[in-house]
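Here is the structure we will look at, set down as structure tokens.
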DNA sequence: GCTGTTTCATACTAATTGGTATTTTTTATG
DNA sequence: CATAAAAAATACCAATTAGTATGAAACAGC
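Residue numbers (the UniProt record's numbering), protein chains in the order written: chain A, 1 to 196; chain H, 1 to 196.
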């Protein structure tokens, strides 16, 4: 990787960490250049505005990790019920990229940016839609193989799973404690079994 | 109500509307005094800091409406399954206090303020805990009267319902469209029936 | 109607914000 | 090594931020 591409990536990564922990609005350019040791000139050479950098974070940092942790685990799944559970369980309890007290990066940005920045909304919607479609496909496959009842509606299940995940992440954040995740996962297991 | 108490309430109400639609950080004191037509002197007479006003909003604006829409509908409920559904349905589709594109005020503040303001977290936790306890009690009652299975865990159900609500509100916000609420409610109905 | 307290108005400040203009350094290519 | 372009460094700016200092009305009880 060229040196220039490297500073660009450093900015994105460090800025993401700051934004994930502090929020987008409260992370200033000065914050970013202070922690990255990159000068303002370099920053604005790589990004026209702060918002352009924000969108780049979604597309170049969040999207790949989302693909790895949210899409791959259930893509072409032979046993979606089990894989849904494992995916959510991993995300809540094990994923080293995510921290209890900071919640879900995608959820955070949605809450903060959606009402007044269309570019953010669009980029976030793409991520979320991809997850939704993956879940729907997995449900359809499981219905073919008889692991999930035929009268189950894939879109409903997708929304239900995703919203539950987003919501409980908010609780973890509020309480700064993952014990609510344990309780949640038990009921999530019950719900998944009800689809059989 | 005295004139002074009235200006105080006006500040809280208008500030809440601004914060609900724009976010806490991006709502400035100048914004608030501009829309309330109250001077800065008056504002700082009633509130020592912006954060003190924020906490007051949670306790004096959010708490009462929460009690009305989140607690009362399921308190002492004779048929919790039905009342759970009606409560969530009302909140998502009918409550005039809430708007699709702005999400859930409590959820918004949690996301935005929790990582770096303890007072907010504490005030929000109180609200949320009250809701949780109410749901748990309703489940216990329904188990006594045979409307919900004895092996169902009230705390798990409470977390599951609340997190689903918070999460789907995030989707509505992202899409600025309540059609996801319709889909969600169908699956929510299925889930509730699985408790019988 | 006098007086003290409550309530509000005005003018200000120091710090921070995102962004720009300009210059300097680094790098690739002939 | 010369040169042009890419990349980064420096110094600045206008606007906005939460909060303050100080004084003026409004209002109470006597």
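Glycine included, every Cβ here is placed at the ideal spot set by N, Cα and C.
Select from A/34, A/48, A/26 and A/169 the residue whose C-alpha is nearest the C-alpha of residue 102 of chain A. Position 102 of the first chain, counting from 1, holds the residue named residue 102 of chain A. Nearest to residue 102 of chain A by C-alpha distance, out of A/34, A/48, A/26 and A/169, is A/169.
Does the beta carbon of residue 111 of chain H come closer than 8 Å to any beta carbon on chain A? On the second chain, position 111 is the one that residue 111 of chain H refers to. Yes, contact with chain A.
Taking only beta-carbon atoms, is residue 79 of chain A less than 8 Å away from chain H? Walking along the first chain from the start, residue 79 of chain A turns up at place 79. So, not an interface residue.
Among H/3, H/134 and H/152, the one whose alpha carbon lies nearest that of residue 71 of chain H: Within the second chain, the letter at position 71 stands for residue 71 of chain H. Ranking the options by Cα distance to residue 71 of chain H, first place goes to H/134.
So, under 8 Å CB-CB, residue 180 of chain H and residue 191 of chain A are touching, yes? Tell me the CB distance rounded to an integer number of Å. Taking the first residue of the second chain as 1, we reach residue 180 of chain H at position 180. Taking the first residue of the first chain as 1, we reach residue 191 of chain A at position 191. Not quite, the Cβ-Cβ distance comes to about 18 Å (not below 8 Å), so this is no contact.
Output the distance between the C-alpha atoms of residue 18 of chain H and residue 30 of chain H, rounded to the nearest integer angstrom. To locate residue 18 of chain H, count along the second chain from 1; it is residue 18. To locate residue 30 of chain H, count along the second chain from 1; it is residue 30. Taking the Cα positions, residue 18 of chain H is about 12 Å away from residue 30 of chain H.
Measure from the alpha carbon of residue 186 of chain H to the alpha carbon of each residue in A/128, A/151 and A/183, then state which is nearest. For this step, residue 186 of chain H is matched to residue 186 along the second chain. When C-alpha distances from residue 186 of chain H are compared across A/128, A/151 and A/183, the shortest belongs to A/151.
Just checking my contact of residue 62 of chain A with residue 105 of chain A at CB under 8 Å: how many whole Å lie between their CB atoms? Along the first chain, read from residue 1 onward, the residue named residue 62 of chain A stands at position 62. Along the first chain, read from residue 1 onward, the residue named residue 105 of chain A stands at position 105. Indeed, because the Cβ distance is near 6 Å, the residues count as touching under 8 Å.
Helix, strand or coil for residue 66 of chain A, going by three-state DSSP, please let me know. What you label residue 66 of chain A is simply residue 66 of the first chain in a count that begins at 1. In the displayed model, residue 66 of chain A falls within a helix according to three-state DSSP.
Quick one: what does DSSP say residue 17 of chain H is sitting in, helix, strand or coil? For the purposes of this step, residue 17 of chain H is taken as the residue at position 17 of the second chain. The answer is helix: DSSP assigns residue 17 of chain H an H, G or I state.
Integer-rounded CB distance, given that residue 10 of chain H should sit under 8 Å from residue 38 of chain H: Within the second chain, numbered from 1, the residue matching residue 38 of chain H stands at position 38. Within the second chain, numbered from 1, the residue matching residue 10 of chain H stands at position 10. Rounded to the nearest angstrom, the Cβ distance from residue 38 of chain H to residue 10 of chain H is 7 Å, consistent with a contact under 8 Å.
Whose C-alpha, out of A/110, A/174 and A/32, is nearest the C-alpha of residue 12 of chain A? Start at 1 with the first residue of the first chain, and residue 12 of chain A comes out as number 12. Comparing C-alpha distances from residue 12 of chain A to each of A/110, A/174 and A/32 shows the shortest one belongs to A/32.
Can you list, in chain order, the residues of the UniProt domain "HTH tetR-type" (5 to 65) of chain A whose Cβ is nearer than 8 Å to any Cβ on chain H? For the UniProt domain "HTH tetR-type" (5 to 65) of chain A, which is checked against every Cβ of chain H, the residues closer than 8 Å are 21, 22, 23, 25 and 26.
In angstroms, rounded to a whole number, what distance separates the CA positions of residue 23 of chain H and residue 144 of chain H? Locating residue 23 of chain H in the second chain gives position 23, counting from the first residue. Locating residue 144 of chain H in the second chain gives position 144, counting from the first residue. Between residue 23 of chain H and residue 144 of chain H, the C-alpha separation is close to 43 Å.
Cα separation between residue 129 of chain H and residue 163 of chain H? The residue you call residue 129 of chain H lines up with position 129 of the second chain. The residue you call residue 163 of chain H lines up with position 163 of the second chain. Roughly 13 Å separates the two Cα atoms.
Measuring only the C-alpha atoms, how far is residue 171 of chain A from residue 93 of chain A? As a first step, residue 171 of chain A is located in the first chain; it is residue number 171 there, counting from the start. As a first step, residue 93 of chain A is located in the first chain; it is residue number 93 there, counting from the start. Residue 171 of chain A and residue 93 of chain A have their alpha carbons spaced roughly 14 Å apart.
I need the straight-line Cα distance from residue 83 of chain H to residue 85 of chain A, nearest angstrom please. As a working note, residue 83 of chain H is residue 83 in the second chain. As a working note, residue 85 of chain A is residue 85 in the first chain. Whole-angstrom Cα-Cα distance: 28 Å.
Looking only at C-alpha atoms, which of A/153, A/120 and A/66 sits nearest to residue 174 of chain H? For the purposes of this step, residue 174 of chain H is identified with residue 174 of the second chain, where counting begins at 1. Among A/153, A/120 and A/66, the Cα nearest to that of residue 174 of chain H is on A/120.
Below-8 Å beta-carbon distance, residue 115 of chain A vs any chain H residue: Residue 115 of chain A sits at position 115 when you count from the first residue of the first chain. Yes, residue 115 of chain A lies at the interface with chain H (some Cβ there is under 8 Å from its Cβ).
Status (buried if at least 16 other CB within 10 Å, exposed otherwise) for residue 193 of chain H: Working through the second chain from its first residue, we reach residue 193 of chain H at position 193. That one is exposed.
Ignore the nearest five residues each way along the sequence and tell me which others in residue 35 of chain A's own chain have a CB closer than 6 Å to its CB. The residue you call residue 35 of chain A lines up with position 35 of the first chain. These residues qualify, in order along the chain: 14.
Looking only at its own chain, which residues have a Cβ that is under 6 Å from the Cβ of residue 184 of chain A, when we skip the five neighbours before and after it? Counting from one through the first chain, the residue named residue 184 of chain A turns up at place 184. So the list reads 168, once near-sequence residues are dropped.
Would you mind telling me which residues of chain H sit closer than 9 Å to residue 124 of chain A, beta carbon to beta carbon, in chain order? Counted from its first residue, the first chain places residue 124 of chain A at position 124. The answer, in chain order, is 174.
Just checking my contact of residue 66 of chain H with residue 127 of chain H at CB under 8 Å: how many whole Å lie between their CB atoms? Translated into the one-based positions of the second chain, residue 66 of chain H becomes position 66. Translated into the one-based positions of the second chain, residue 127 of chain H becomes position 127. With 8 Å as the limit, residue 66 of chain H and residue 127 of chain H qualify as a contact, their Cβ atoms being about 5 Å apart.
Can you pull out the residues from the segment 180 to 192 of chain H whose beta carbon lies closer than 8 Å to at least one beta carbon of chain A? Within the segment 180 to 192 of chain H, the residues whose Cβ lies closer than 8 Å to any Cβ of chain A are, in chain order, 180, 183, 184, 186, 187, 188, 190 and 191.
Evaluate residue 161 of chain H with the Cβ neighbour count: other Cβ atoms within 10 Å of its Cβ, from every protein chain shown; 16 or more gives buried, anything less gives exposed. Stepping through the second chain from its first residue, residue 161 of chain H is reached at position 161. Taking a 10 Å sphere around the C-beta of residue 161 of chain H, we find 16 or more other C-beta atoms and assign the residue as buried.
Using the beta-carbon of each residue, which ones in chain A are nearer than 7 Å to residue 168 of chain H? Indexing the second chain from 1 puts residue 168 of chain H at position 168. The contacting residues are 159 and 163.
Given that residue 128 of chain A touches chain H, what residues does it touch there, using C-beta distances under 8 Å? The sequence position of residue 128 of chain A within the first chain is 128, counting from 1. Residues of chain H passing the Cβ test: 171 and 174.
Helix, strand or coil at residue 8 of chain H [DSSP, three-state]: Residue numbering aside, residue 8 of chain H sits at position 8 when the second chain is read from its first letter. It is helical.
For residue 52 of chain A and residue 132 of chain A, what's the separation of their Cα atoms in angstroms? For the purposes of this step, residue 52 of chain A is taken as the residue at position 52 of the first chain. For the purposes of this step, residue 132 of chain A is taken as the residue at position 132 of the first chain. Taking the straight line joining both Cα atoms gives about 26 Å.
Against chain H, with Cβ distances strictly below 8 Å, would residue 154 of chain A count as a contact? Position 154 of the first chain holds residue 154 of chain A. Taking Cβ atoms only, chain H never reaches closer than 8 Å to residue 154 of chain A, which makes this a no.
Under 8 Å between C-beta atoms of residue 148 of chain A and residue 195 of chain A: Here residue 148 of chain A refers to the residue found at position 148 of the first chain. Here residue 195 of chain A refers to the residue found at position 195 of the first chain. Closer than 8 Å, so yes.
What is the DSSP secondary structure of residue 35 of chain A, counted as helix, strand or coil? Taking the first chain and counting its residues from 1, one reaches residue 35 of chain A at position 35. Assigned with DSSP and collapsed to three states, residue 35 of chain A falls in helix.
Quick one: does residue 101 of chain A have its CB under 8 Å from some CB of chain H? Your numbering for residue 101 of chain A matches position 101 in the first chain. Closer than 8 Å: yes.
By how many angstroms is the C-alpha of residue 107 of chain H removed from the C-alpha of residue 60 of chain H? Walking along the second chain from the start, residue 60 of chain H turns up at place 60. Walking along the second chain from the start, residue 107 of chain H turns up at place 107. So the alpha carbons of these two residues sit roughly 17 Å apart.
Taking Cβ to Cβ, would you say residue 4 of chain H is nearer than 8 Å to residue 77 of chain H? The count along the second chain starts at 1 and reaches residue 4 of chain H at position 4. The count along the second chain starts at 1 and reaches residue 77 of chain H at position 77. Cβ atoms of residue 4 of chain H and residue 77 of chain H: not closer than 8 Å.
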